[in-house]
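In this note's numbering, the protein residues as written are 191 to 256.
One structure is given here, and the rest of the page talks about it.
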Amino acid sequence: MAKISFGKGETLCLTYTAKNANSPTHYITVNPLRDTYFLYEVTGGKPVKTKHKASSPTELYKYMEE
Numbered sequence: 191m192a193k194i195s196f197g198k199g200e201t202l203c204l205t206y207t208a209k210n211a212n213s214p215t216h217y218i219t220v221n222p223l224r225d226t227y228f229l230y231e232v233t234g235g236k237p238v239k240t241k242h243k244a245s246s247p248t249e250l251y252k253y254m255e256e
């Protein structure tokens, strides 16, 4: 499995796989201070950072179900 890279200093917090998917469809990362979480969507097999960010990872769940 290839290493996935995210934004500078960001750490992978959560991997999400949709019900009908065979591989991850979203990732949530966190900054070094752990005060901002970022949502990535897998497009073309690679994670792409979305405009969505939040102070808690649970706030990003609603965007994963869209």
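Every residue, glycine too, gets a C-beta built ideally from N, C-alpha and C.
Quantities reported herein were computed from a predicted structural model and do not represent experimental measurements.
Span separating the alpha-carbon of residue i from that of residue j
{"i": "S245", "j": "K236", "result": "24 Å"}
{"i": "L250", "j": "A208", "result": "14 Å"}
{"i": "K193", "j": "Y227", "result": "20 Å"}
{"i": "D225", "j": "K243", "result": "10 Å"}
{"i": "E231", "j": "N210", "result": "16 Å"}
{"i": "T240", "j": "L229", "result": "6 Å"}
N- and C-terminal bounds of the beta strand (DSSP E) containing residue i
{"i": "K239", "result": "K236 to A244"}
Residue span of the alpha helix (DSSP H) that contains residue i, given as start and end
{"i": "K252", "result": "Y251 to M254"}
Reference residue i; option with closest CA among the options
{"i": "G234", "options": "T215, D225 and N221", "result": "T215"}
{"i": "S195", "options": "M254, V238, K252 and T248", "result": "V238"}
Below-8 Å beta-carbon distance, residue i vs any chain C residue
{"i": "K243", "result": "Looking for chain C here will not work: only one protein chain is present."}
Close Cβ partners of residue i (< 7 Å) along its chain, the five nearest in sequence each way excluded
{"i": "T205", "result": "P214 and Y217"}
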